[in-house]
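Reviewing the structure listed below.
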Amino acid sequence: MSVFISYRHKDLDEAIVESMERLLEERFGPGSVFRDRPDLPRGEDHREALMARLAASKIVVPLIGQKWESGPRRRRGRAIDWVHREIGTAMERNIDLLPILIDRDSMPQQLPSELAEFRRRTPVRLKTGDVTNAGELAALHRRLDELADKHKAKP
Numbered sequence: 098m099s100v101f102i103s104y105r106h107k108d109l110d111e112a113i114v115e116s117m118e119r120l121l122e123e124r125f126g127p128g129s130v131f132r133d134r135p136d137l138p139r140g141e142d143h144r145e146a147l148m149a150r151l152a153a154s155k156i157v158v159p160l161i162g163q164k165w166e167s168g169p170r171r172r173r174g175r176a177i178d179w180v181h182r183e184i185g186t187a188m189e190r191n192i193d194l195l196p197i198l199i200d201r202d203s204m205p206q207q208l209p210s211e212l213a214e215f216r217r218r219t220p221v222r223l224k225t226g227d228v229t230n231a232g233e234l235a236a237l238h239r240r241l242d243e244l245a246d247k248h249k250a251k252p
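In the working numbering, the protein residues as written are 98 to 252.
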């Protein structure tokens with residue numbers, strides 16, 4: 098089982114991403130979760146490595162914080178939006194998507210047309226520092242269990 102965490106580095110504190118990685122590895126096993134900075138092979142083309150890991154994934158978990166819509170970096174006059182590319186690729190390949198909103202109430206609205214369907218996904222809503230949000234944590238664990246069972250049944 099392979100899980101791919103998709104997130105904007107400037108959107109979320111690294112500790113939040115690490116916590117989510119630990120939670121997912123507890124559910125799916127050590128080494129089952131990929132996130133770019135610590136897991137990209139050094140010396141390789143990062144674009145190819147990212148896309149290869151994404152293609153091998155069974156689940157993509159976009160982590161969406163308050164600054165998620167602030168956008169991609171610009172290079173040579175054009176936007177390079179890896180998060181949009183990761184989500185779009187997951188949708189094209191029918192990879193399960195489990196969006197998790199961190200400290201926000203709604204899915205992003207400023208998306209390119211090819212990601213319009215992503216906006217309609219029902220997210221898990223988590224608040225940092227709110228340990229009383231048991232309902233959403235329970236929903237997250239239930240969905241992770243469902244996805245684990247689904248992918249165990251597949252060869």
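By construction, the Cβ of each residue, glycine as well, lies at the ideal position given by its N, Cα and C atoms.
Item: What does the alpha-carbon distance come out to for the pair L223 and L244?; Value: 19 Å
Item: Identify every run of the alpha helix (DSSP H) within the stretch 111-160, keeping only runs that are complete inside it and at least 4 residues long; order them along the chain.; Value: 111-125, 133-136, 143-152
Item: In three-state terms, what does DSSP make of S103?; Value: strand
Item: If you reduce the DSSP assignment to three classes, tell me which class I197 lands in.; Value: strand
Item: Could you work out which residue in I156, E141, Q163, I199 is closest to I184 when comparing CA atoms only?; Value: I156
Item: Quick one: what's got a C-beta closer than 8 Å to E122's C-beta in the same chain, skipping five residues either side?; Value: G128, S129, V130
Item: By Cβ distance, which residues of its chain are closer than 6 Å to A187, with the 5 residues on each side in sequence left out?; Value: V157, L194
Item: Let me know if G162 comes out buried or exposed under the rule of 16 or more other beta-carbons within 10 Å of its beta-carbon.; Value: buried
Item: First and last residue of the beta strand (DSSP E) that includes R222?; Value: 221-223
Item: If you draw a straight line from the C-alpha of V114 to the C-alpha of L212, how long is it?; Value: 23 Å
Item: Does P209 pass the burial test, meaning 16 or more other C-beta atoms within 10 Å, or should it be called exposed?; Value: exposed
Item: Suppose you measure from the CA of K107 to the CA of L241; what does that come to, to the nearest Å?; Value: 26 Å
Item: Near H248, what residues of its chain come up, given a Cβ to Cβ distance below 7 Å and the 5 sequence neighbours on each side ignored?; Value: M98, K155
Item: Tell me the rounded alpha-carbon separation between A149 and N191.; Value: 15 Å
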